[in-house]
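**Student:** Sharing a structure below in structure tokens format, with a few things to ask.
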Amino acid sequence: MIITVTPNAALDLTWWVDRIEPGATHRVPSGMARAGGKSLNVARVADQQGLAVLAIATAGGTTGAELELELSASGVPHTLVPVAASTRRSLALYDAGADETSIFNEYGEDHSAAEWADLLAAVDDALPGASCLVGSGSLPPGADTDFYSGLVRRAAAAGIPSIIDTSGPALLAAADAGATVLKPNRDELVAATDIADPIRGARSLIARGARLVLLSLGSAGMIAVSADDPSGHLSARLPEPLAGNPTGAGDAAVAAVASCFAESPGATPPAEAILRRATAWSAAAVLMPLAGEISPLHDELSTTIRIERHTETPS
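Quick note on the working numbering: the sequence shown kicks off at 109 and runs consecutively.
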């Protein structure tokens, strides 16, 4: 079973607009509201693909109640930890004319020490029999940046891989703790490491203790940098970029990574297999209107992906 942990869940609101005119009033079709946050999107994709999954998240206030209702209706197995602060909201506006999505994420509010303890207790209860542990998304302001590194250590103690998708000091802490897979995007990697070159930045995370860094490059595809291949790295991309809504593409990639480990319990899947599936599922997410879903074309897309190995020049 794949365990996903969302410490800063969100009620995701999505609207589609024919064309956004700055400063203008827009009449739009009814939008969609879904339980979200990166790890909840991961859980949705994994569940959609028939994988056993348990989504653990926080929920509070009226938005938390709406999140709980929607998540229950979705059928995704879940455990929600009550918190006092209202669950944050995330707004995605898709401009069909420009084929662009603008996203507005509320920061969220920190949890109390007791609420953080309850969240970790829910994780501990779920770990027996788990195939991997996924932690992704932002942390609320004021939260301990060691939260995700704590998940990595819990996974290691349970003998299962950890997959972390976060940013800033929390990303570095997860690397220091020896995360099995880290999945930043290019901007998150530069911000965390202060290294402009993506390969050098990824290598710095490997040097800190991560085993594999899967780096999202948007329409340019993905890169895999592995501790098991110190002299080179892999790149993957489609023949042509796909038009659509990229919201949730990174979460679909994380779900793909988790699925590879879930299918090979006790073993480490080849980096190339992880990279191919992650690229295909990420692309398939772009074809869907909402985060947390991938197109059934993902297998077809996988066959078109070009993977190359690049030799690195020693620094």
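Heads up, the beta-carbon is just placed ideally off N, CA and C, and yes, glycines get one too.
1. Verify whether the separation of the beta carbon atoms of residue 148 and residue 163 is less than 9 Å.
2. Here's a check: name, in chain order, each residue in its chain whose Cβ is nearer than 6 Å to the Cβ of residue 364, leaving out the five neighbours to either side.
3. Flag this pair as yes or no: are the beta carbons of residue 150 and residue 166 separated by less than 9 Å?
4. How is the alpha helix (DSSP H) around residue 387 delimited, first residue to last?
5. Can you tell me whether residue 134 is helix, strand or coil according to DSSP?
6. If you count every other CB in all the chains shown that lies within 10 Å of the CB of residue 305, and 16 or more means buried, which is it?
7. Tell me whether the beta-carbon of residue 311 lies closer than 9 Å to the beta-carbon of residue 329.
8. Between the C-alpha atoms of residue 391 and residue 350, what's the straight-line distance to the nearest angstrom?
9. Compare the C-alpha of residue 379 against each of 331, 211, 410 and 317 and name the closest.
10. Helix, strand or coil for residue 341, going by three-state DSSP, please let me know.
11. Which runs of the alpha helix (DSSP H), 4 residues or longer, sit entirely within the segment 206 to 294?
12. What does DSSP give as the partner residues of residue 184 in its beta bridges?
13. Tell me which residue opens and which closes the alpha helix (DSSP H) that residue 150 is part of.
14. Quick check on residue 134: buried or exposed, where buried means 16 or more other Cβ atoms within 10 Å of its Cβ?
15. Check each candidate in 302, 313 and 209 and name the one with the smallest Cα separation from residue 394.
16. Just verifying my parser: in three-state terms, what is the DSSP assignment at residue 189?
17. My output table needs one value for residue 177: the three-state DSSP class, helix, strand or coil.
18. Can you name the start and end residues of the alpha helix (DSSP H) that residue 120 belongs to?
19. Counting C-beta neighbours from all protein chains within 10 Å, is the total for residue 301 16 or more, i.e. buried, or is it exposed?
20. When you compare each of 396, 290, 411 and 223 to residue 335 by their alpha carbons, which one comes out closest?
21. Spatial neighbours of residue 321 within its chain, please: CB distance less than 7 Å, with the 5 preceding and 5 following residues excluded, ordered by chain position.
22. Do you know whose CA, among 243, 248 and 250, lies nearest residue 59's CA?
23. Given that a residue counts as buried once 16 or more other Cβ atoms are within 10 Å of its Cβ, and exposed if not, what is residue 215?
24. Please work out which residues of its chain come closer than 7 Å, Cβ to Cβ, to residue 139, disregarding the five sequence neighbours upstream and downstream, and give them in chain order.
25. Determine the direct distance from the alpha carbon of residue 418 to that of residue 255, and round the result to whole angstroms.
26. If you count every other CB in all the chains shown that lies within 10 Å of the CB of residue 229, and 16 or more means buried, which is it?
27. What separation, rounded to the nearest whole angstrom, lies between the Cα atoms of residue 284 and residue 348?
28. Check whether the segment 402 to 412 and the segment 368 to 378 are in contact - that is, three or more C-beta pairs closer than 8 Å.
29. Between the C-alpha atoms of residue 299 and residue 247, what's the straight-line distance to the nearest angstrom?
30. So, is residue 196 buried or exposed, given that buried needs 16 or more other C-beta atoms within 10 angstroms?
**Tutor:** Taking the structure as given:
1. A contact, by the Cβ cut-off of 9 Å.
2. Contacts found: 385, 386 and 389.
3. The answer is no: Cβ separation not under 9 Å.
4. Run containing residue 387: 379 to 394, per the alpha helix (DSSP H) assignment.
5. In the structure shown, residue 134 sits in coil (DSSP, three-state: anything other than H, G, I, E or B).
6. Exposed is the call here.
7. The answer is no: Cβ separation not under 9 Å.
8. Looking at the two C-alpha atoms, the distance is approximately 7 Å.
9. Residue 331 is the option with its Cα nearest to residue 379.
10. In this structure, DSSP gives residue 341 an extended state, which the three-state scheme calls strand.
11. Whole alpha helix (DSSP H) segments, 4+ residues: 221 to 234, 255 to 266 and 276 to 284.
12. Residue 184 has no beta-bridge partner at all, per DSSP.
13. Annotation for residue 150: the continuous alpha helix (DSSP H) segment containing it runs 146 to 156.
14. Residue environment: residue 134 is assigned as exposed (fewer than 16 neighbouring CB atoms within 10 Å of its CB, all protein chains considered).
15. Considering only alpha carbons, the answer is 209.
16. The three-state secondary structure of residue 189, taken from DSSP, is strand.
17. In the three-state reduction of the DSSP assignment, residue 177 falls in the helix class.
18. For residue 120, there is no enclosing alpha helix (DSSP H); the residue is part of the beta strand (DSSP E) that begins and ends at 118 to 125.
19. Around the Cβ of residue 301, a 10 Å sphere holds 16 or more other Cβ atoms; the residue is buried.
20. Closest option to residue 335, Cα to Cα, is 290.
21. For residue 321, where only same-chain residues beyond five positions count, the Cβ hits under 7 Å are 290, 310, 313, 314 and 333.
22. No information on residue 59 is available, as it lies outside the stretch 109 to 423 that the chain covers here.
23. Label assigned to residue 215: exposed.
24. Around residue 139: 121, 122 and 123.
25. Distance between the alpha carbons of residue 255 and residue 418: 34 Å.
26. Residue 229 sits exposed, since fewer than 16 C-beta atoms from the chains shown fall within 10 Å of its C-beta.
27. About 36 Å.
28. They do not touch, by the three-pair rule.
29. Residue 299 and residue 247: Cα-Cα distance of roughly 16 Å.
30. With 16 or more other Cβ atoms within 10 Å, it is buried.
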